[in-house]
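Residue numbers (our numbering): 1233 to 1366.
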């Protein structure tokens, strides 16, 4: 992993660009259009991701906003070095009742996988890349 990207991960100044989505029970949904991403800074976490899946309660099912489309200044990130120069980030957004956790694994070449655990909905996974936030 290049030093600049590693420094961006440590400093919470990165963005995950989703290129492919995989709902738990629906199989691979294939490529995604541009614009689906998660942006992180010290002050804010912004998520703009699609959701395809099943809701187990009607609480947030009938809104115009998807469960993975939010902005919050209340979140925690724990980081650990993984195998082969990778990083594992566990992100818990506060004040977002639908989302339990984002688990982002960033590999040494900048590609990444994002596993999303939700409350009352089936999980989702995304593949893409992580870049330095501009």
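Ideal Cβ positions, reconstructed from N, Cα and C, are used throughout, including at glycine.
- Per the coordinates, the alpha-carbon of residue 1245 lies some 23 angstroms from the alpha-carbon of residue 1299.
- With a cut-off of 8 angstroms on Cβ pairs, the region 1345-1359 is in contact with the region 1319-1337, counting three or more such pairs.
- 1279 is the residue among 1288, 1279, 1353 whose C-alpha sits nearest the C-alpha of residue 1269.
- With a cutoff of 8 angstroms on beta-carbon distance, residue 1235 and residue 1285 are scored as not near each other.
- Rounded to whole angstroms, the gap between the alpha carbons of residue 1274 and residue 1308 is 10 angstroms.
- In the structure shown, residue 1237 falls within a helical segment according to DSSP collapsed to helix, strand and coil.
- Taken through DSSP and simplified to helix, strand or coil, residue 1317 comes out as helix.
- Following the DSSP letters along the chain, one finds residue 1252 inside the beta strand (DSSP E) bounded by residues 1246-1255.
- The C-alpha of residue 1326 lies about 5 angstroms from the C-alpha of residue 1306.
- The DSSP assignment places complete beta strand (DSSP E) segments of no fewer than 3 residues inside the region 1267-1292 at 1269-1272, 1277-1280, in order along the chain.
- Here the C-alpha atom of residue 1240 lies approximately 10 angstroms from the C-alpha atom of residue 1272.
- For residue 1361, the CB contacts under 8 angstroms within the same chain, skipping 5 residues up- and downstream, are 1248, 1249, 1251, 1342, 1343, 1344 in chain order.
- Annotation for residue 1276: 1305 place their beta carbon closer than 6 angstroms to its own, counting only its chain and skipping 5 residues before and after.
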